[in-house]
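*Asks:* Just dropping this structure here.
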Amino acid sequence: MPNNVRSPVNNPPEEGLCESLLMELECPVCGEHMIPPITLCESGHNTCSRCKPKLKKCPTCRQQLLAIRNLTLENLTNKIKYPCRNHKTGCDELLPLDQIIQHQAVCLYRFYDCPLAKAPGVLCLWQGPWSEVKKHIDINHKDRVTEEISKLSVHIRDFKSTYKYCRVIYALGEVFYQQFEVIANNFYFVVQYVGPEDAAYRYKYEFTLSSTSGDEKIQVSQVTRSVKINIDEICQSGKCIKLHYDVVKNFLEENTMEFEMEISKARVEEKS
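Pasting the structure below:
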């Protein structure tokens, strides 16, 4: 063959193999790529671990679901690169399984629910990227926002232990969601950071409850948690401010609650 003639260039066979595997891994229910554990149905179809708890029959053939794992396919998931689940909204990351899971937790293209969707009396189905959260709140929930203030004094007349108090706070150029309530005679106070999960640890909040005379005071601080974490889970884990309600009642004057809450940057080292 003459030196100036080149053989046709084809895509590496590995690329075609990866694409074929990704197609095999695509869940027929949620459309995302399956990750271990991957189980089988009686006919041999693969079942998504995220969707399986919601299914009674195989979505492909309607046969019985089994607890048998497809170990061959699971082993192959460690040899390919996964696209980010947010590729439809603009993310072009392509990473090995362990790295893509970490990436997706902090991906700037991931969608967020409206934080106030957790609040009673608020029916909001909005979802959108992090960059649009504040704009959505300003347009639709302005009456539930405390503007650009890191330290605030709160005065609640006729405090009800059966009510859930929810609010969005803008502080330090960020968006936070605040919620407090009484559950099983315990007072829970939670502040969540609305943004990438790995940034929540950078902020803390301090809750101060004082008597009218100022002689008695309770002051507790906690690191903010990600808005992606269920608040019930935060309360159960104790990673929030938790006080026995009998103690809190000692600070109520004619059923009026007054407290101070301050959001500031936490003194923590950057995570590697």
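Take the sequence shown: its position 217, counting from 1, is numbered 207 in the numbering used here, and each next residue is one higher.
Glycine is no exception: its CB is placed at the ideal position from the N, C-alpha and C atoms.
Between which two residues does the beta strand (DSSP E) containing S211 stretch?
*Replies:* Taken as a continuous stretch (DSSP letters only), the beta strand (DSSP E) holding S211 covers 207 to 213.
*Asks:* What does DSSP give as the partner residues of K251 in its beta bridges?
*Replies:* The amino acid at residue 251 is misidentified as Lys; the sequence shows Met. The partner list for M251 (beta bridge, DSSP) reads L142, F197.
*Asks:* Helix, strand or coil: how does DSSP classify L115 here?
*Replies:* Correct three-state label for L115: coil.
*Asks:* Which term fits N1, buried or exposed, when burial requires 16 or more other beta carbons within 10 angstroms of its beta carbon?
*Replies:* Confidence is the limiting factor: at N1 the pLDDT is only 47, short of 50, which leaves the residue's position unreliable and the question unanswerable from this model.
*Asks:* If we count the other Cβ atoms within 10 Å of its Cβ and call it buried at 16 or more, is C48 buried or exposed?
*Replies:* So C48 counts as buried.
*Asks:* What does a CB cutoff of less than 8 angstroms around K255 pick up in its chain, not counting 5 residues either side in sequence?
*Replies:* If we look at K255 and ignore the five residues flanking it on each side, its Cβ neighbours are L162, R192, Y193, K194.
*Asks:* State buried or exposed for I58, treating a residue as buried only when at least 16 other CB atoms are found within 10 Å of its CB.
*Replies:* Exposed, because fewer than 16 other Cβ atoms sit within 10 Å of the Cβ of I58.
*Asks:* Could you check the C-alpha separation between R215 and V181 for me, to the nearest Å?
*Replies:* Using only the alpha carbons, I get a separation of about 7 angstroms.
*Asks:* Measure how close the beta-carbons of L66 and L11 come, nearest whole angstrom, since I'm counting them as under 8 angstroms.
*Replies:* So it is a contact: roughly 6 angstroms between Cβ atoms.
*Asks:* What residue range does the alpha helix (DSSP H) around D88 cover?
*Replies:* First-last of the alpha helix (DSSP H) with D88: 87 to 96.
*Asks:* Distance, Cα to Cα, P18 vs L115?
*Replies:* Approximately 24 angstroms between the Cα atoms of the pair.
*Asks:* Report all residues from its chain with a CB closer than 6 angstroms to the CB of E196; omit the five preceding and five following residues, and keep chain order.
*Replies:* The answer, listed in chain order, is S211, E252.
*Asks:* From S151 to F170, what does the alpha carbon distance come to, in whole angstroms?
*Replies:* Computed Cα separation, rounded: 10 angstroms.
*Asks:* Could you give the residue range of the alpha helix (DSSP H) that holds T29?
*Replies:* Careful: T29 lies outside any alpha helix (DSSP H), inside the beta strand (DSSP E) at 29 to 31.
*Asks:* Select from Y178, P43, H126 the residue whose C-alpha is nearest the C-alpha of E223.
*Replies:* Among Y178, P43, H126, the Cα nearest to that of E223 is on Y178.
*Asks:* With distance defined between alpha-carbon atoms, name the residue in Q209, A107, R257 nearest to Y167.
*Replies:* Nearest of Q209, A107, R257 to Y167, Cα basis: A107.
*Asks:* Between V135 and Q53, what straight-line distance do the alpha-carbon atoms span, to the nearest angstrom?
*Replies:* Taking the straight line from one Cα to the other gives about 50 angstroms.
*Asks:* Relative to the C-alpha of K78, which candidate in I70, L98, V112 has its C-alpha closest?
*Replies:* The candidate whose alpha carbon is nearest that of K78 is L98.
*Asks:* Grouping DSSP H, G and I as helix and E and B as strand, with all else coil, what is E64?
*Replies:* It is helical.
*Asks:* Between K44 and T29, which are expected to be in contact by the criterion C-beta below 8 angstroms, what is the C-beta distance as a whole number of angstroms?
*Replies:* Between T29 and K44 the Cβ distance is about 14 angstroms, and since that is not below 8 angstroms, they are no contact.
*Asks:* Who pairs with C156 in a beta bridge, going by DSSP?
*Replies:* Looking at the DSSP assignment, C156 forms a beta bridge with Q169.
*Asks:* When you compare the CB positions of I90 and Y72, do they come within less than 8 angstroms of one another, or not?
*Replies:* In this structure, Y72 lies closer than 8 angstroms to I90 by Cβ.
*Asks:* Beta-carbon within less than 7 angstroms of R157's beta-carbon, same chain only, minus the 5 sequence neighbours each way: which residues are those?
*Replies:* Excluding residues within five positions, the ones whose Cβ falls inside 7 angstroms are R134, T136, Q168.
*Asks:* State the DSSP-derived secondary structure class of Y99, mapped to helix, strand or coil.
*Replies:* Note: Y99 maps to coil in three-state DSSP.
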